[in-house]
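Down below is the structure, laid out as C-alpha cells.
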Amino acid sequence: MSGPSPAARASRPRTPLLRWLDRSEEILGVALLVLLGVFLTAQVVMRFTLGLGYSWMEEIIRMLFIWVIFLGAVAAMRRHLHIRVEAGLLLFPRPLRPVAGWLGDLLLFGFCIAVTWHGIELVMSSADGSFRLQSTGVSMFWPYLIVPISFGLQALRLALWRFGVRPEQEIEVKHA
Amino acid sequence: MIELLAGIPITPLLFGSFLILLILGVPIAHALGAATLLVLYAQGIPGVFLPQTAFNTTDSFPLVAVPFFVLAGYLMEYGGLSLRLVNLASAVIGHVTGGFACVTILACMFFAAMSGSGPATVAAIGTLMIPAMTRVGYKPAFAGAVASTGGTLGIMIPPSNPMIIYGVVGNVSVTQLFIAGIVPGLLTGVILIAASWWLCRRYGFVGGDERPSGKRLLRAVLDARWALLAPVIVLGGIYGGVFTPTEASVVAAVYGLLVGVFVYRQLTWRNVYKALLNAVLVGGSVTIIVGLASGFGRLLTQYQIPQQLAAFTLDWSRNPFIVLMIINTGLIIIGTFMETLATIILLTPILLPLVVALGVDPIHFGILLVITSEIGFLTPPLGVNLFVAMGIANVTLEQISKAVIPFIIILTLVTVLLTAVPEISLWLPRLLR
Numbered sequence: 459m460s461g462p463s464p465a466a467r468a469s470r471p472r473t474p475l476l477r478w479l480d481r482s483e484e485i486l487g488v489a490l491l492v493l494l495g496v497f498l499t500a501q502v503v504m505r506f507t508l509g510l511g512y513s514w515m516e517e518i519i520r521m522l523f524i525w526v527i528f529l530g531a532v533a534a535m536r537r538h539l540h541i542r543v544e545a546g547l548l549l550f551p552r553p554l555r556p557v558a559g560w561l562g563d564l565l566l567f568g569f570c571i572a573v574t575w576h577g578i579e580l581v582m583s584s585a586d587g588s589f590r591l592q593s594t595g596v597s598m599f600w601p602y603l604i605v606p607i608s609f610g611l612q613a614l615r616l617a618l619w620r621f622g623v624r625p626e627q628e629i630e631v632k633h634a
Numbered sequence: 003m004i005e006l007l008a009g010i011p012i013t014p015l016l017f018g019s020f021l022i023l024l025i026l027g028v029p030i031a032h033a034l035g036a037a038t039l040l041v042l043y044a045q046g047i048p049g050v051f052l053p054q055t056a057f058n059t060t061d062s063f064p065l066v067a068v069p070f071f072v073l074a075g076y077l078m079e080y081g082g083l084s085l086r087l088v089n090l091a092s093a094v095i096g097h098v099t100g101g102f103a104c105v106t107i108l109a110c111m112f113f114a115a116m117s118g119s120g121p122a123t124v125a126a127i128g129t130l131m132i133p134a135m136t137r138v139g140y141k142p143a144f145a146g147a148v149a150s151t152g153g154t155l156g157i158m159i160p161p162s163n164p165m166i167i168y169g170v171v172g173n174v175s176v177t178q179l180f181i182a183g184i185v186p187g188l189l190t191g192v193i194l195i196a197a198s199w200w201l202c203r204r205y206g207f208v209g210g211d212e213r214p215s216g217k218r219l220l221r222a223v224l225d226a227r228w229a230l231l232a233p234v235i236v237l238g239g240i241y242g243g244v245f246t247p248t249e250a251s252v253v254a255a256v257y258g259l260l261v262g263v264f265v266y267r268q269l270t271w272r273n274v275y276k277a278l279l280n281a282v283l284v285g286g287s288v289t290i291i292v293g294l295a296s297g298f299g300r301l302l303t304q305y306q307i308p309q310q311l312a313a314f315t316l317d318w319s320r321n322p323f324i325v326l327m328i329i330n331t332g333l334i335i336i337g338t339f340m341e342t343l344a345t346i347i348l349l350t351p352i353l354l355p356l357v358v359a360l361g362v363d364p365i366h367f368g369i370l371l372v373i374t375s376e377i378g379f380l381t382p383p384l385g386v387n388l389f390v391a392m393g394i395a396n397v398t399l400e401q402i403s404k405a406v407i408p409f410i411i412i413l414t415l416v417t418v419l420l421t422a423v424p425e426i427s428l429w430l431p432r433l434l435r
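Encoded structure:
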C-alpha cells in the first residue's frame with residue numbers, strides 16, 4: 459500500500475550475504491522455473507522426435523511447478539504483490555486505517571502460521587514413506603514439504619515487511 | 003471459542019469472515035483460506051484438509067501454462083516482436099483517417115494472439131503506439147484510452163490466462179475455450195477498429211501521411227515474419243491437437259527467447275531475468291488463489307450453497323438471457339474493484355452450476371466471463387489497463403477514464419450481443435469438435 463518509508467530504507471540488509479539471502483526465494487524460484495522450462499521443452503522435443511512420453515518426467519514437472527508456485531507466493535509476499543481489494547481499508551475513517559491494516563496483517567500472520575502447522579501435519583503424514591509418486595517412487599514427503607516452508611516464510615516475510623525490511627526496487631506485475 | 007463458532011450457521015460464517023478479512027486488506031487468497039479454516043474448525047474437520055486440497059488443486063498440468071504464457075509475453079515484448087507487429091499494422095491501415103488508432107487496435111490483436119494478458123498487451127503495444135499517436139496530434143488521454151481498449155483483446159483472442167484459470171476451476175476444456183475465443187475476439191477487434199475510426203473522424207484526428215503501398219506492406223510482412231510465425235506455431239499447434247495449451251505455452255516462451263536473442267538480437271539477459279521473475283511472481287500470486295480457494299469451493303459444494311442459489315434463481319426466472327444479463331451486470335460492477343482472475347476463481351464455483359442448470363453451455367459462459375473482465379480492465383477504481391496506459395500517456399486516471407467511456411459503451415453492447423447469440427462463441431468449437 460504505502461511505499462518504503464525512509465525509516466524502512468535504513469533497515470535494509472547490509473552485508474552482501476544478507477542481501478543475497480533476502481532475495482533467495484526469488485532466485486530459487488527463477489532457477490526452478492528455468493529447470494521446469496527445460497523439462498517441459500525436453501518433453502515436447504522427445505514426443506516429437508522419438509514419439510516418447512515418460513510418466514516420470516511428468517511427475518517431476520508437476521512437483522517442480524508446485525515448488526515454483528509456493529516459492530512465488532513467498533516472493534509475492536515479500537514484494538507486497540498478493541492480490542487484495544485495496545479499496546477495503548478506505549471504508550474505515552482515516553484515523554482508524556492504520557489500526558485496521560495492523561489487524562488485517564495480524565490475522566494474515568495467524569493464518570500463515572496455522573497453515574504452516576497444518577502443512578507440517580501433512581508432511582508428517584507422509585514421513586513414513588507410505589505415499590509415493592507412482593513412476594519415480596519419490597515419497598510425497600518432498601513435494602508436501604514446500605507447503606509448510608512456503609507459509610512459514612510468508613509469515614516471516616509479512617513480519618519483516620511490517621518491521622521495515624522491504625525490497626529496493628518495486629515491480630509492477632500484470633496478473634491477468 | 004470453537005463452541006461459539008459452531009453455533010453460527012455455515013453460510014454467514016464462511017462469507018462473513020471472508021468479507022471482513024477482505025476489508026481489512028488481507029490478500030484474497032489468504033482471506034479465502036482463513037474463512038475455510040474457520041468453518042473447518044467450527045465443524046470439527048481436521049485443518050490439514052486445507053493444505054491438502056490446496057496442494058492437490060495446484061498439482062494440475064493445465065495451470066503450468068499460466069507462468070509460461072506470462073514469460074512468453076514479456077520475452078516477446080522485450081525481444082522486439084511487438085515493434086515489428088506495430089510496423090506491420092501500420093503498413094496495413096496506417097494511411098486511413100484515424101489510422102494510428104486503428105493501427106493500435108490491430109497491433110493489439112496481433113499481440114493478443116501471443117499473449118494471455120490484458121495489461122501486458124497494453125504495455126507491449128501502448129509503449130510504442132501511445133507516443134506515436136500523440137506525436138501526430140491525438141489527445142494523450144484518447145491515445146491512452148485506445149491502447150487500453152485494444153489491450154483488453156489480450157484475454158479474448160487466445161491464448162488467455164483468464165480462460166486457463168476458468169477452465170481449471172470450472173473443469174472446462176482449455177483448448178475448447180481457446181477455440182471459442184477466436185470468433186468473438188476477431189469480431190470485437192473489428193468493431194473496435196470501426197469505432198476508433200468513427201471517433202477519430204469526429205474528433206478530427208487524421209491518419210499518417212504515408213501512402214499505402216504494396217511494397218511497404220510486403221517489407222513489413224517480411225520484417226515481422228518471425229513475430230507472425232509465433233501465433234501460427236502456438237495456436238496452430240493447439241487447434242491442430244499437436245500441443246496441449248501447457249506445451250504451447252512453453253514452446254511460445256522458448257520461441258520468444260530464441261527470436262529475441264538470435265534473430266532480432268534485442269533481448270538482454272537482464273530482461274530475461276526480469277521476465278522470469280515476473281512469471282514466478284504472477285504464477286505464485288495467482289495460482290495460490292486457485293489453491294486456497296479450492297477448500298472454499300469444496301465447502302460450498304458440501305453445504306449445497308450453489309444449488310440453493312440456483313434453486314432460488316430458477317424460481318424467479320428461467321430465461322437464460324435475463325439471468326445471464328443480470329450476472330453480467332454483477333460481474334461488471336465487481337470488476338470495477340476486484341482483480342479479474344480472483345473474481346473468476348471465486349465466482350466460477352458459485353455461478354457455473356446455476357447457469358448450467360439453465361442450459362447454458364459452460365464454454366459460452368466462459369466467453370461472457372472474459373468479455374465482462376475486459377470491461378473490468380477499463381473501469382476505475384481498479385482498471386489495470388488504464389493504470390498501464392496512463393503511465394505511458396502521462397495523463398491522470400480521471401482524464402483517461404473519461405476518454406475510455408465510448409469504448410466501454412461499445413464493449414457493453416458487444417457483451418449483450420455475445421450473451422444473446424451464443425452461436426458466436428460456440429460455432430467454431432462445434433465445427434472443429
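From first to last, the protein sequence lines stand for chains A and B.
Per our numbering, residue 459 is the first one in the first sequence, and the count goes up by one each step.
Per our numbering, residue 3 is the first one in the second sequence, and the count goes up by one each step.
The beta-carbon is built from N, C-alpha and C at its ideal position, and this holds for glycine as well.
Close Cβ partners of residue i (< 6 Å) along its chain, the five nearest in sequence each way excluded
i	result
Val418 (chain B)	none
Ala31 (chain B)	Ile290, Ile291 and Leu294
Leu333 (chain B)	Thr374
Gly152 (chain B)	Thr106, Ile107 and Cys110
7 Å Cβ shell around residue i - same chain, five flanking residues per side excluded
i	result
Leu531 (chain A)	The residue asked about is misnamed: residue 531 (chain A) is Ala in this sequence, not Leu. For Ala531 (chain A), where only same-chain residues beyond five positions count, the Cβ hits under 7 Å are Ser608 and Gln612.
Ile369 (chain B)	Ala182, Gly183, Pro186, Leu420 and Ser427
Ala391 (chain B)	Val124, Gly128, Ile132, Gly146, Ala149, Ser150 and Ile402
Ala422 (chain B)	Phe323
Val174 (chain B)	Tyr168, Pro364, Ile365 and Gly368
Gly139 (chain B)	Phe207
Val41 (chain B)	Ile12, Leu15, Leu16 and Leu301
Val526 (chain A)	Gly487, Leu490, Leu491 and Leu494
Leu353 (chain B)	Ile329
Distance, residue j Cα to residue i Cα
i	j	result
Leu316 (chain B)	Pro69 (chain B)	39 Å
Leu278 (chain B)	Leu486 (chain A)	11 Å
Leu87 (chain B)	Gly120 (chain B)	17 Å
Gln306 (chain B)	Leu16 (chain B)	13 Å
Thr499 (chain A)	Asn89 (chain B)	31 Å
Ser588 (chain A)	Ser597 (chain A)	7 Å
Thr450 (chain B)	Leu65 (chain B)	Any answer about residue 450 (chain B) is impossible in this case: the structure gives chain B only from 3 up to 435.
Thr2 (chain B)	Tyr512 (chain A)	No statement about residue 2 (chain B) is possible, as the shown extent of chain B runs from 3 to 435 and does not include it.
Ala44 (chain B)	Ala8 (chain B)	5 Å
Thr154 (chain B)	Ala585 (chain A)	47 Å
Ala33 (chain B)	Leu224 (chain B)	51 Å
Phe245 (chain B)	Ala196 (chain B)	34 Å
His604 (chain A)	Ile571 (chain A)	The amino acid occupying residue 604 (chain A) in the given sequence is Ile; His does not appear at that position. Taking the straight line joining both Cα atoms gives about 14 Å.
His540 (chain A)	Trp228 (chain B)	35 Å
Thr338 (chain B)	Leu24 (chain B)	15 Å
Pro474 (chain A)	Met535 (chain A)	22 Å
Ile259 (chain B)	Leu6 (chain B)	Checking the sequence, you will find Leu at residue 259 (chain B) rather than Ile. Leu259 (chain B) and Leu6 (chain B): Cα-Cα distance of roughly 57 Å.
8 Å Cβ shell around residue i - same chain, five flanking residues per side excluded
i	result
Met459 (chain A)	Here the model assigns Met459 (chain A) a pLDDT of 37, short of 50, so the residue's position is not dependable and the matter cannot be decided.
Thr13 (chain B)	Tyr305 and Ile307
Gly461 (chain A)	Confidence at Gly461 (chain A) is low in this model, with a pLDDT of 42, below 50, so the placement of that residue is unreliable and no value is reported for it.
Buried/exposed call for residue i, threshold 16 Cβ in 10 Å
i	result
Leu433 (chain B)	exposed
Phe314 (chain B)	exposed
Gly216 (chain B)	exposed
Ile346 (chain B)	buried
Glu400 (chain B)	exposed
Arg320 (chain B)	exposed
Ile411 (chain B)	exposed
Pro233 (chain B)	buried
Under 8 Å from the C-beta of residue i: neighbouring residues of chain B
i	result
Leu498 (chain A)	Val66, Phe70, Thr248, Glu249 and Val252
Ile571 (chain A)	Chain B residues near Ile571 (chain A): none, gap ~11 Å exceeds 8 Å.
Under 7 Å by beta carbon: chain B residues contacting residue i
i	result
Tyr602 (chain A)	Phe57
Where residue i meets chain A, residues with beta-carbon distance less than 7 Å
i	result
Ser150 (chain B)	Those within 7 Å of Ser150 (chain B) in chain A number zero; the least Cβ separation is about 13 Å.
Asn163 (chain B)	Ala634
Ser119 (chain B)	Lys632 and Ala634
Beta-carbon neighbours of residue i, restricted to chain B and to distances below 9 Å
i	result
Ile518 (chain A)	Under the 9 Å cutoff, chain B gives no residues; its nearest Cβ is about 12 Å from Ile518 (chain A).
Phe523 (chain A)	Thr60, Asp61, Ser62, Phe63, Leu65, Val66, Pro69, Gly285 and Thr289
Ala613 (chain A)	Chain B residues near Ala613 (chain A): none, gap ~11 Å exceeds 9 Å.
**Prompt:** Quick one, which residues of the region 259–272 of chain B are near chain A if we go by CB-CB under 7 Å, in chain order?
**Reply:** none
**Request:** Determine which residues of the region 288–300 of chain B have a Cβ less than 8 Å from any Cβ of chain A, and write them out in chain order.
**Result:** Val288, Thr289, Ile290, Ile291 and Gly293
**Prompt:** According to a CB-to-CB cut-off of less than 8 Å, which residues of the region 472–486 of chain A neighbour chain B?
**Reply:** Glu484
**Request:** Compile a chain-ordered list of the residues in the region 579–598 of chain A whose CB is closer than 8 Å to at least one CB of chain B.
**Result:** Glu579, Leu580 and Ser583
**Request:** Mind checking the region 353–381 of chain B against chain A and listing, in chain order, the residues whose C-beta falls within less than 9 Å of any C-beta there?
**Result:** Ser375, Gly378 and Phe379
**Asked** For the region 323–342 of chain B, which residues have a CB atom closer than 8 Å to at least one CB atom of chain A, in sequence order?
**Response** Phe339, Met340, Glu341 and Thr342
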